[in-house]
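Numbering (this note's numbering), first residue to last: 430 to 712.
Even for Gly, the Cβ is constructed at its ideal location relative to N, Cα and C.
Note that the structure is a prediction, hence the values are computed from the model and not measured.
Have a look at the structure below, then the notes.
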DNA sequence: AGGGGTACCTGCGGGC
DNA sequence: TGCCCGCAGGTACCCC
């Protein structure tokens, strides 16, 4: 699920709620979802919340870090009162879920009776206690290290298809399948184009598109599609899914030119593009 | 290097 | 209704 905008949305919301709070309880329901010794967290205070690409962590007192990677279906829900934790995870105002639910894997309690539910349907995600933040190799696309110069360098030295390069977390971190598709549409570049054949103007358009689309994703609170894998920390949906031009729009008409959006598979996953707006020039 | 496949999990929707 | 198949916001690992 969560790509950079979703994780950043979670980080900003938690920032309002859990700073300076002390962890007083932790319950690991699914062993697979928690790495390390959970008892080390007890009586540690949350100093800061950090994000690196799609990873994020709580920096705690005593030089301890509680790291998270939400993978496809991880969610973090914040409850003010853990004794009556209810969230609008279905359709708002009609159906309400009480937590813990059947996908709740870890529960964290704070000293003021508030707490967090780490839910994860597919159990690919994890929380991990350690002495340092977990970080991807690639440059975070929101960081100051992500410059046009760095971007030109990685694009010119890669023979991969541009779509595959964009989601390569060893080169750039934060972009996943939804945003890669939307970024390429915004720059009017076909996902199958080979990186090193992109022209200077296209590289520059792509660089701008990355910044623009990622910032938009954050501004709209992330993207929640029909299956609701991503929800915000209060259980509500993001709004970026209303602004998708190509992702999951196969056979629907392009918002710009009315041509039908195409879906192809490569790199083991779906890519969506408009054959008219994003023509294949030379693959 | 890059490409392809599989695996990790669970659930949902479509086709027959 | 019921079953089988393909699909899903991520990543690691294998083989060619």
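Discussion item. Just verifying my parser: in three-state terms, what is the DSSP assignment at residue 498?
Written reply: For this step, residue 498 is matched to residue 69 along the first chain. Strand, per DSSP.
Worksheet item: Which residue from 639, 658, 472, 470 puts its Cα closest to that of residue 618?
Response: For the purposes of this step, residue 618 is taken as residue 189 along the first chain, with counting starting at 1. If we check each option's Cα against that of residue 618, 639 comes out closest.
Worksheet entry | Whole-angstrom distance between residue 679 and residue 685, CA atom to CA atom | To locate residue 685, count along the first chain from 1; it is residue 256. To locate residue 679, count along the first chain from 1; it is residue 250. In a straight line, the C-alpha of residue 685 is about 15 Å away from that of residue 679.
Worksheet item: Below 8 Å, can you find three or more Cβ-Cβ pairs linking the stretch 463 to 473 to the stretch 504 to 514?
Response: no
Practice prompt. Report yes if the C-beta distance between residue 436 and residue 485 is below 8 Å; otherwise report no.
Written response: Here residue 436 is taken as the residue at index 7 of the first chain, counted from 1. Here residue 485 is taken as the residue at index 56 of the first chain, counted from 1. Cβ distance < 8 Å, so residue 436 and residue 485 count as in contact.
Worksheet item: How many whole angstroms separate the CB atoms of residue 594 and residue 587, which I take to be in contact at a CB cut-off of 8 Å?
Response: One-based indexing of the first chain puts residue 594 at position 165. One-based indexing of the first chain puts residue 587 at position 158. With 8 Å as the limit, residue 594 and residue 587 qualify as a contact, their Cβ atoms being about 5 Å apart.
Discussion item. Give me the residue from 649, 585, 599 with the minimum Cα distance to residue 627.
Written reply: Taking the first residue of the first chain as 1, we reach residue 627 at position 198. Considering only alpha carbons, the answer is 585.
Fill in: the stretch 700 to 708 touching the stretch 605 to 617, judged by at least three CB pairs closer than 8 Å
yes
Discussion item. Quick check on the DSSP output: the beta strand (DSSP E) that includes residue 537 runs from which residue to which?
Written reply: Sequence index remark: in the first chain, residue 537 carries index 108 (1-based). Element bounds for residue 537: 533 to 539.
Item to complete: Could you tell me the boundaries of the beta strand (DSSP E) in which residue 548 lies?
Response: Here residue 548 is taken as the residue at index 119 of the first chain, counted from 1. Element bounds for residue 548: 544 to 549.
Discussion item. Just to confirm my understanding: we take residue 577, look at its own chain, exclude 5 residues before and 5 after, and list those with CB closer than 6 Å. What are they?
Written reply: Translated into positions along the first chain, residue 577 becomes position 148. So the list reads 636, once near-sequence residues are dropped.
Item to complete: For the alpha helix (DSSP H) containing residue 634, list its first residue and its last residue.
Response: Taking the first residue of the first chain as position 1, residue 634 is located at position 205. Residues 629 to 648.
Worksheet entry | Inter-stretch contact (C-beta, 8 Å, three-pair minimum) for the stretch 531 to 539 and the stretch 547 to 558 | yes
Worksheet item: Between residue 505 and residue 458, what straight-line distance do the alpha-carbon atoms span, to the nearest angstrom?
Response: Residue 505 sits at position 76 when you count from the first residue of the first chain. Residue 458 sits at position 29 when you count from the first residue of the first chain. Straight-line Cα distance between these residues: approximately 15 Å.
Discussion item. Let me confirm a value: residue 597 is counted as buried when at least 16 other C-beta atoms fall within 10 Å, else exposed. Which label applies?
Written reply: To locate residue 597, count along the first chain from 1; it is residue 168. Looking at its Cβ environment, which holds 16 or more other Cβ atoms inside 10 Å, residue 597 is buried.
Worksheet item: When the distance is taken between beta carbons, is residue 500 closer than 8 Å to residue 553?
Response: Within the first chain, residue 553 is the residue found at index 124, counting from 1. Within the first chain, residue 500 is the residue found at index 71, counting from 1. Closer than 8 Å, so yes.
Worksheet item: Which residues mark the beginning and the end of the beta strand (DSSP E) in which residue 442 is found?
Response: Counted from its first residue, the first chain places residue 442 at position 13. Here residue 442 belongs to no beta strand (DSSP E); instead the alpha helix (DSSP H) covers 433 to 446.
Practice prompt. Measure from the alpha carbon of residue 565 to the alpha carbon of each residue in 643, 482, 557, 540, then state which is nearest.
Written response: As a first step, residue 565 must be located in the first chain, where it is residue number 136. That would be 482, whose Cα lies nearest to the Cα of residue 565.
Worksheet item: Got a sec? Which residues, its chain only, sit under 6 Å from residue 624 by beta carbon, not counting five neighbours each side?
Response: Start at 1 with the first residue of the first chain, and residue 624 comes out as number 195. Closer than 6 Å at the Cβ level, and outside the excluded window around residue 624, lie 584, 587, 589, 591, 594.
Worksheet item: Out of 562, 462, 620, 496, which has the shortest C-alpha to C-alpha gap to residue 696?
Response: For the purposes of this step, residue 696 is taken as the residue at position 267 of the first chain. Among 562, 462, 620, 496, the Cα nearest to that of residue 696 is on 620.
Discussion item. Helix, strand or coil for residue 591? Go by DSSP, reduced to three states.
Written reply: Against the first chain, residue 591 aligns to sequence position 162. The answer is helix: DSSP assigns residue 591 an H, G or I state.
Discussion item. So, for residue 717: in the same chain, excluding its five sequence neighbours on each side, which residues have a beta-carbon less than 6 Å away from its beta-carbon?
Written reply: Past the edges of the chain, shown from 430 to 712, lies residue 717, and the structure says nothing about it.
Discussion item. So, with DSSP's three-state summary, where would you put residue 659?
Written reply: Position 230 of the first chain holds residue 659. Coil at residue 659, not helix or strand.
Worksheet item: On the premise that residue 544 lies in contact with residue 433, defined as a C-beta separation below 8 Å, what is that separation, rounded to the nearest angstrom?
Response: Translated into positions along the first chain, residue 433 becomes position 4. Translated into positions along the first chain, residue 544 becomes position 115. The Cβ separation is near 26 Å, so there is no contact.
Item to complete: Could I get the ranges of all uninterrupted beta strand (DSSP E) runs contained in the stretch 655 to 708, with 3 residues as the minimum, in chain order?
Response: 691 to 695, 698 to 702
Fill in: Beta-carbon contacts of residue 521 that lie in its chain and below 7 Å, excluding the five residues immediately before and after
The residue you call residue 521 lines up with position 92 of the first chain. Low confidence applies here, because residue 521 scores a pLDDT of 48, under 50, leaving its location unreliable; read the following figure in that light. Within the same chain, residue 521 has close Cβ partners 665.
Practice prompt. Check whether the Cβ atoms of residue 450 and residue 542 sit closer than 8 Å, and answer yes or no.
Written response: Taking the first residue of the first chain as position 1, residue 450 is located at position 21. Taking the first residue of the first chain as position 1, residue 542 is located at position 113. No.
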